[in-house]
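Chains as they are written, first to last, in the working numbering: chain A, 61 to 188; chain B, 61 to 188. Idealized CB from N, CA, C, for every residue including glycine. Remember, it's a predicted structure, so these values are computed and weren't measured experimentally.
Protein chains: 2
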Amino acid sequence: MNSPAYRLGDLQLRILQSLWDRPDSSVAEVHAELKPERDLAYTTVATMLRKMETRGLVAHREEGRSFLYRALVAAEEVSRSVGQHLVDRLSSGSLTEAVSHLLTSREVSRDELDQLEKLIKEAKRRSK
Amino acid sequence: MNSPAYRLGDLQLRILQSLWDRPDSSVAEVHAELKPERDLAYTTVATMLRKMETRGLVAHREEGRSFLYRALVAAEEVSRSVGQHLVDRLSSGSLTEAVSHLLTSREVSRDELDQLEKLIKEAKRRSK
DNA sequence: TCAGTAATACTACCATGGTAGTTTTAAGGT
DNA sequence: ACCTTAAAACTACCATGGTAGTATTACTGA
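Written out as structure tokens, the structure reads:
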């Protein structure tokens, strides 16, 4: 919000996603959730959550001896911000160009292309 | 290459873009190119270029008393890397989802949608 | 030849993300 | 009442991006 969301680090974003999925998570829960992908120390997660709280990204309430955290920024908002930032970075603002980059730069399956086409048709319908 | 390209900072990416556009640019030229958008000190650009050279992102050759820089990483490669990283961040790897995010998160003009549709058709044709 | 100038080199500083160890606190069971 | 344990708090450290001032060097024109 006040702090630009696109600047989120990888871990921060991952933590937010975890909290979007399960609001009111304890540090232990977030830590457990991230465990398979990142083998972080418990305190790493705790510290990051505290830092994120300072930045206004999350908030906590007490529950017994634990803190339960929740995200203060909406997934939508962050997605938009992060996406917008990429579009700016990649192609100084041209969405078409950005998507073109994405399409040409990796293998895209037939199936994905179909889905994408549907997405666009839908967007068209909505916009009309 | 060896260092993951997606980690490029905004300024670094901007400098690379400038060099892709005009290879063998002096510091002064890069500085001038960026001037309108970012009013940076000359030495800021020079320092960043030196740092980027250390990281293997650019290289220079001497021309009189100036250094002429060129990018060592290809635009394609960086675009792919940056794009891929975003897709991972935004939707743990689903391109469709990522594009969907981009589409729903901002105003997309009719015209852009048309272009996008064309892009996809083209990709389909290519992949077949 | 010498002063000015334009270039690089060097140094420094700050913020932030990421990571984690150590210390304190408090709850809970025996 | 005390020991264990789990939680938060505090502190610390490093890398990197970004930014720029100061020092040095070397060319160039008067």
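Residues of chain B whose Cβ lies closer than 8 Å to the Cβ of THR156 (chain A) are, in chain order, GLU172, GLN175, LEU176, LEU179. Taking a Cβ-Cβ threshold of 9 Å, none of the residues of chain A is close to LEU76 (chain B); the smallest such distance is about 11 Å. Against chain B, a Cβ distance below 7 Å from ALA183 (chain A) picks out LEU163, VAL168, LEU173. Excluding sequence positions up to five before and after HIS120 (chain B), its CB lies within less than 7 Å of the CB of GLU113, PHE127, LEU128, TYR129, all in the same chain and listed in chain order. With 16 or more other Cβ atoms inside 10 Å of its own Cβ, THR156 (chain B) counts as buried.
Linking VAL118 (chain A) to ARG74 (chain A) through their CA atoms gives a straight-line distance of about 13 Å. Within the same chain, and ignoring the five residues on either side of SER78 (chain B) in sequence, the residues whose Cβ sits closer than 6 Å to its Cβ are VAL90, GLU93. The beta carbon of SER169 (chain B) sits closer than 7 Å to none of the beta carbons in its chain outside the five residues before and after it. Contact check for ARG166 (chain B) against GLN175 (chain A) fails: the beta carbons are separated by 9 Å or more. Residues of the segment 67 to 95 of chain A whose Cβ lies closer than 7 Å to any Cβ of chain B, in chain order: ASP70, LEU73.
Take ARG82 (chain B), set aside five residues on each side of it, and the residues of its chain with a beta-carbon closer than 8 Å to its own are GLU89, GLU93, in chain order. The beta carbon of VAL118 (chain B) does not come within 9 Å of any beta carbon belonging to chain A, so the residue lies off that interface. For the C-beta of GLY143 (chain A), the chain B residues within less than 8 Å are, from N- to C-terminus, LEU146, LEU150, ALA158, HIS161, LEU162, SER165, ARG166. The distance from the Cβ of LEU146 (chain B) to that of ALA158 (chain B) is about 7 Å, consistent with a contact at the 8 Å cut-off. Taking 9 Å as the cut-off between beta carbons, none of the residues of the segment 98 to 114 of chain B comes near chain A.
Taking 9 Å as the cut-off, the Cβ atoms of VAL133 (chain B) and LEU76 (chain B) count as close. The three-state secondary structure of ALA101 (chain B), taken from DSSP, is coil. A straight line joining the alpha-carbon of SER187 (chain B) with that of ASP84 (chain B) spans about 36 Å. A residue is called buried when at least 16 other Cβ atoms come within 10 angstroms of its Cβ; ARG67 (chain A) does not meet this threshold and is exposed. Less than 9 Å divides the Cβ of HIS161 (chain A) from the Cβ of SER151 (chain A).
Boundaries around ALA183 (chain B) are those of the alpha helix (DSSP H), 170 to 187, since no beta strand (DSSP E) includes it. The Cβ of SER126 (chain A) sits no closer than 9 Å to any Cβ of chain B.
Under the Cβ distance rule, ARG130 (chain B) does not count among the residues neighbouring chain A, no pair being separated by less than 9 Å. At a beta-carbon threshold of 8 Å, the residues of chain A lying near ARG140 (chain B) are HIS161, SER165, ARG166, ordered along the chain. C-alpha of ALA183 (chain B) to C-alpha of GLU123 (chain B): approximately 43 Å in a straight line.
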